[in-house]
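All residue numbers for the sequence shown refer to the numbering used here, where the first residue is 93 and numbers rise by one. Report on the following structure.
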Amino acid sequence: GINAEYGELLHRLTGGGLSIEYTIPRTEGGGGGAVAIELSFNNTTDQDLSEVRVEDLEGSVTMDTWVGIPIIPAGQTSQGTIYINFNDTLQPAKFTVCCNKGRYPVKIQPPVGELLVPLVLNESEFDGSRSKLSGMHEVTGETESGGKSPAEMSTIVSTIMATSVCFSGDESTLKFASKTVATEKLLLVTIATGEGKVAVTVNSEAVVFGSMILKELVKALGK
């Protein structure tokens, strides 16, 4: 799949010589509604760091117990994977990274598309589910296509969100199916192309997710 979101969690100047980067690899890992986040701990000092661990998670998120890293030798990098359940909220996970040098508060906020997992549906399942998600559960937007091919659009959608392409009998329409990681609410995306325009429709039981995904897709497809 597409190796997704990547960023810095802790800068070495803030972390007393410990820097941390994260990747959200889109693996079906944690189960139980959790998102896997790979952490890369880099000890930039000339002394060993020991007892690296995570404590004091705040907010409505939960985290699987992580064993931590007993020692990171001077100048070395160690990897660890944590599993965070964001409970389908768009709140950041705030926690403290601790080691023998100190305690460093950090926070991580995955893009909304990383709080989804792909869902495989056939076209009649897709259309049936979509027809039940109307009214407040449907949002639409439009942008210029800029001459993008359906394949290019498909790649853009798959970059922005963890999703599964659904077969579409109509060549001018692209369909994508996902569900939210924690509560498994459906999120369906339909992209209708024609005459230089792209119409994006998002149908979702998770209303806030739907409107945010719509905004991201319209922005990216219109670039």
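Using N, Cα and C, we set each Cβ at its ideal position, and we do this for glycine too. If you're wondering where the values come from, they're calculated on a predicted model, not measured in any experiment.
By the three-class DSSP mapping on this structure, what secondary structure does residue i have?
{"i": "Lys315", "result": "coil"}
{"i": "Ser132", "result": "strand"}
{"i": "Glu143", "result": "strand"}
{"i": "Arg104", "result": "coil"}
{"i": "Lys240", "result": "coil"}
{"i": "Gly205", "result": "helix"}
{"i": "Gly109", "result": "coil"}
{"i": "Glu308", "result": "helix"}
{"i": "Thr275", "result": "coil"}
{"i": "Thr247", "result": "helix"}
Can you name the residues that DSSP bridges to residue i?
{"i": "Thr150", "result": "The sequence shown places Glu at residue 150, not Thr. DSSP output for Glu150 lists Lys186 as bridge partner(s)."}
{"i": "Pro210", "result": "Ser270"}
{"i": "Thr181", "result": "Partner(s): none; Thr181 has no beta bridge."}
{"i": "Ala126", "result": "Per DSSP, none; premise fails for Ala126."}
{"i": "Ala197", "result": "Strictly speaking, residue 197 in this sequence is Pro, with Ala absent from that position. Thr188."}
{"i": "Met155", "result": "Ile176"}
{"i": "Gln171", "result": "Ser132"}
{"i": "Glu230", "result": "Asn295"}
{"i": "Gly302", "result": "Gly302 is not bridged to any residue."}
{"i": "Thr137", "result": "In DSSP, Thr137 forms no bridge with anything."}
Considering Cα atoms alone, identify which of the options is closest to residue i.
{"i": "Thr232", "options": "Gly194, Glu308, Val273, Leu182", "result": "Glu308"}
{"i": "Asp262", "options": "Ser216, Val299, Ile305", "result": "Ser216"}
{"i": "Cys57", "options": "Ile129, Ser152, Gln139", "result": "Since the displayed the chain opens at 93 and closes at 315, residue 57 lies outside it and no answer follows."}
{"i": "Glu236", "options": "Ala312, Val159, Gly302, Glu143", "result": "Ala312"}
{"i": "Ser316", "options": "Val281, Val212, Glu113", "result": "No answer is possible for residue 316: it lies beyond the span of the chain, which begins at 93 and ends at 315."}
{"i": "Asn135", "options": "Val189, Gly167, Leu278, Gly238", "result": "Gly167"}
{"i": "Thr275", "options": "Arg104, Pro162, Thr181", "result": "Thr181"}
{"i": "Ser223", "options": "Pro184, Pro203, Met304, Leu278", "result": "Leu278"}
{"i": "Val209", "options": "Glu143, Val127, Ile174, Val198", "result": "Val127"}
{"i": "Phe178", "options": "Glu206, Gly109, Cys258, Gly302", "result": "Glu206"}
Chain C beta carbons: is any one of them nearer than 9 Å to that of residue i?
{"i": "Cys191", "result": "The structure shown contains no chain C; it holds only a single protein chain."}
For residue i, report the span of its alpha helix (DSSP H) as first-last.
{"i": "Lys224", "result": "215-224"}
Can you give me the start and stop residues for the beta strand (DSSP E) that residue i sits inside?
{"i": "Thr293", "result": "289-296"}
{"i": "Pro162", "result": "161-164"}
{"i": "Gly286", "result": "278-286"}
{"i": "Ser260", "result": "No beta strand (DSSP E) contains Ser260, which DSSP labels as neither H nor E."}
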